[in-house]
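All letters in the sequence shown, in the order written, are residues 227 to 540 by the numbering used here. Glycine included, every Cβ here is placed at the ideal spot set by N, Cα and C. Inspection log for the structure reproduced underneath, given as structure tokens.
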Amino acid sequence: MNNNAINALLSCKTPKDIQACITAGSDINTLDSFGRNILFYCKNPRMIDTLVKAGIDFNHVDNYGHNVLFNQRNPHILKKLIDSGVDIHHKNGLGQTCLCSLADNISCCKTLINAGINVNNVDKCGRTILFYVKNHSIFDLMVQAGCDINHRDNQGHGIFEICYSLGDFKAKMLIRHISMKDSSPVIFNYLNSESLQIMDLLQKKNLNFTISDNCQVYLSANENEMSSFFSELKKKTDISNTHFRHIVLRGYDLRGDIETIKWFIRNDIKIDKKQLEQHIRHDEICKYIAEHERKKLSEIMKQTISLMPVKRRL
């Protein structure tokens with residue numbers, strides 16, 4: 227590893243300067259502490275030709291398993307490198323191509339697609355580029371280029387699953403591309419006040435959806451909003467077996483509150499046991515749950531008895 231040699235080559239302004247360094251004994255395949263040669267840092271298209279002619283290893287892989295394309299964010303340089311013979315299909319240790327590294331740069335993505343990169347490459351997690359894109363325009367570009375929107379990873383998860391970290395992004399993505407959705411159910415791992423609208427759209431398109439166990443909820447602490455939301459949710463799908471996890475009520479700290487938790491219990495909305503166990507008033511909550519269950523059982527027994535036939539004496 228020789229950072230000084232790399233710096234000397236990087237200081238060259240023209241192909242003539244590069245040739246002078248080579249004549250003076252500089253090794254163009256010298257590596258820095260990241261395992262990269264000068265081609266990884268080259269910003270001049272003309273210098274690329276000089277380096278390739280001088281015998282630089284243009285398919286060299288650095289310490290991270292990346293070739294020179296992974297770090298190149300200039301679409302013109304990127305195209306020049308590809309035209310010079312750099313392997314566009316090279317994969318790093320995670321099984322990802324450079325498309326994953328450049329998934330936030332639409333110009334570079336277009337360059338790679340035009341050069342024939344495989345947009346359906348699957349990494350070691352079984353995921354395509356669509357699992358990593360966080361930009362609407364780039365997502366749509368990948369779909370237009372033929373990336374399978376219904377692909378599932380090694381865990382059976384698809385990109386249509388609505389999760390907390392990308393909930394709003396995925397919801398909008400789903401609305402735009404709902405016509406391409408297959409018959410498999412959309413899984414909601416995250417719910418907010420806008421989720422009901424998405425469910426309405428899915429029902430209109432005759433598409434199924436499910437609420438995952440341990441689903442996260444993000445709502446206002448307003449009791450009317452909570453009541454309205456869960457009433458509508460129960461009309462749309464069965465949540466009797468769902469234990470909601472990480473219920474976040476805007477402007478409220480559920481960890482120190484018990485009345486809101488009692489509201490959930492009274493309305494037969496289950497909360498994840500671990501979240502309840504961590505509550506500072508856990509014992510009181512357990513007693514309230516037991517009392518609520520006792521009342522429910524009592525009501526069921528009363529209804530059963532009232533429906534039983536009464537034997538009358540003749």
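What is the DSSP secondary structure of residue i, reduced to helix, strand or coil?
i	result
V345	coil
V287	coil
H469	strand
I487	helix
R378	strand
I248	helix
F395	helix
K528	helix
C238	coil
Can you check DSSP and say which residues form a bridge with residue i?
i	result
Y416	Q442
T276	Note: T276 sits in no beta bridge, so no partner.
K496	H469
I437	F414
I388	F414
Give the C-beta separation of residue i and residue j to the nearest angstrom, bearing in mind that I take them to be a contact with Cβ-Cβ under 8 Å.
i	j	result
I401	S363	With 8 Å as the limit, I401 and S363 do not qualify as a contact, their Cβ atoms being about 15 Å apart.
N346	C373	6 Å
C351	D330	Going by Cβ atoms, the distance from C351 to D330 rounds to 19 Å, so no, they are not a contact pair.
R471	Q504	Not a contact, Cβ separation roughly 12 Å.
I497	I487	7 Å
I264	I232	6 Å
C261	F284	Looking at the sequence shown, residue 261 is not Cys but Gly. Wrong, their Cβ atoms sit about 15 Å apart, outside the cutoff.
H315	N293	Their Cβ separation, rounded to whole angstroms, is 10 Å, which puts H315 and N293 out of contact at 8 Å.
K336	L304	Going by Cβ atoms, the distance from K336 to L304 rounds to 10 Å, so no, they are not a contact pair.
Hey, could you find the ends of the alpha helix (DSSP H) residue i is sitting in?
i	result
V369	H362 to Q370
C326	C324 to S327
K460	E449 to K462
K305	P301 to D309
I332	I332 to N340
L424	According to the sequence displayed, residue 424 carries Ile and not Leu. Segment S421 to K430, the alpha helix (DSSP H) holding I424.
Rounding to the nearest angstrom, what Cα-Cα distance links residue i and residue j in this structure?
i	j	result
S252	N318	29 Å
I473	L417	10 Å
K566	R299	The question about residue 566 has no answer, for the chain in this structure spans 227 to 540.
S466	F456	12 Å
K407	N434	11 Å
R520	M527	11 Å
A516	L320	49 Å
A234	L307	22 Å
T276	T354	36 Å
F296	V412	33 Å
Q429	I388	16 Å
R492	H518	7 Å
I248	D288	22 Å
So is residue i in contact with chain B if we call contact Cβ pairs under 8 Å?
i	result
S457	In the displayed structure, chain B is absent; only one protein chain is listed.
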